[in-house]
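Residue numbers (the numbering used here): 760 to 982.
In C-alpha cells:
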C-alpha cells in the first residue's frame, strides 16, 4: 500500500511561506525546503507510476541525515565554546608561573640568564653560543657531554673577553655533536606567564615575559 504523504502533510506547503524566516543553513530551513520539494513532487507525479513506500522512506532518511549533521555541528560548536571558556578559567592559575617553550630567546636580568635545550640523543660535545641583537656571538658556553633529554644552562652576562654586557634580550644557538657528527638539539625558552588572552577559535593564549604568546600545547614544562 502506498503512503499518502500529501494527506499527512495537509496544507504545510501553503503555510511554509508565512512562517518566520530562519537561517538558510539551519536544520529547520533545510527541513522546510525538503518538505516543499517533496509535496511538489508528489502532486506532480505520474498517477500511473506513483512513488512507492521505499522511495519516500529513502528521501526521508536523506533528510534525517542532513538535519542530523547540522545539529551535530551546532552541538560541537557549543562544546568547543565551553572548552575555550574552561581553558581561560584554568589559565588564571598559570599567572606568574615560569614555563619552557620552544624558542631561542635568552633574557639577561641582573647579570643572570637561564636557558634550556632538548637533546634527541646523547652527545659528546655541547656548546651554547649567545648572540647579541646583531646576531654576533658574544659568549660561547661549553656545556660538555650530555645525555638525551632536557638540560638547563646559565650565563653570567659576561662576554668571552670578560666584559659585562648590558641587561636585555639576547638569543642563543646550539652546537651539538655525537661521534663527530651533528646531533639534533631543540632550543627552549624560559619565560614567565604575565597575562591571558582568549583567542576565540584558537583557544586561550598565555602572554609571556619575553613579549610572545603561547598555547597550552606549546608548553614543555612548568615551574
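Yeah, the Cβ is synthetic: ideal placement off N, Cα and C, and Gly gets one too.
None of these values were measured; they are calculated from a predicted model.
Notebook entry, point to check: Buried or exposed: where does residue 931 fall if 16 or more other Cβ atoms within 10 Å of its Cβ makes it buried?
Noted result: buried
Note to self: Beta-carbon within less than 7 Å of residue 891's beta-carbon, same chain only, minus the 5 sequence neighbours each way: which residues are those?
What the structure shows: 897 and 929
Next item on the list: Grab the span of the beta strand (DSSP E) containing residue 856 for me, first residue to last.
Entry: First-last for residue 856: undefined, no H or E at that position.
Note to self: Check for me: the beta strand (DSSP E) holding residue 979 runs from which residue to which?
What the structure shows: 978 to 981
Checklist line | Residue of 969, 876 and 916 minimising C-alpha distance to residue 869 | finding: 916
Check: If you check the beta carbons only, do residue 871 and residue 944 fall under 8 Å apart?
Finding: no
Notebook entry, point to check: Taking Cβ positions, are residue 913 and residue 873 nearer each other than 8 Å?
Noted result: yes
Next item on the list: Identify, in the order they occur along the chain, each residue of the same chain with its Cβ nearer than 6 Å to the Cβ of residue 968, setting aside the five sequence neighbours on each side.
Entry: 950, 951 and 953
Next item on the list: Indicate whether residue 942 and residue 849 have their beta-carbon atoms separated by less than 8 Å.
Entry: no
Next item on the list: Under 6 Å Cβ to Cβ from residue 856, same chain only, skipping five residues before and after it: list those, please.
Entry: 952 and 981
Item checked: Every unbroken beta strand (DSSP E) within the region 852 to 935, with a cutoff of 3 residues, ordered by chain -> 857 to 861, 864 to 867, 872 to 878, 884 to 890, 896 to 901 and 908 to 914
Check: Between residue 858 and residue 935, which are expected to be in contact by the criterion C-beta below 8 Å, what is the C-beta distance as a whole number of angstroms?
Finding: The pair is not a contact, with the Cβ atoms about 23 Å apart (cut-off 8 Å).
Next item on the list: Tell me, please, which residues DSSP counts as bridged to residue 956.
Entry: 964
Margin query: Give me the residue from 887, 895 and 899 with the minimum Cα distance to residue 910.
Written below: 887
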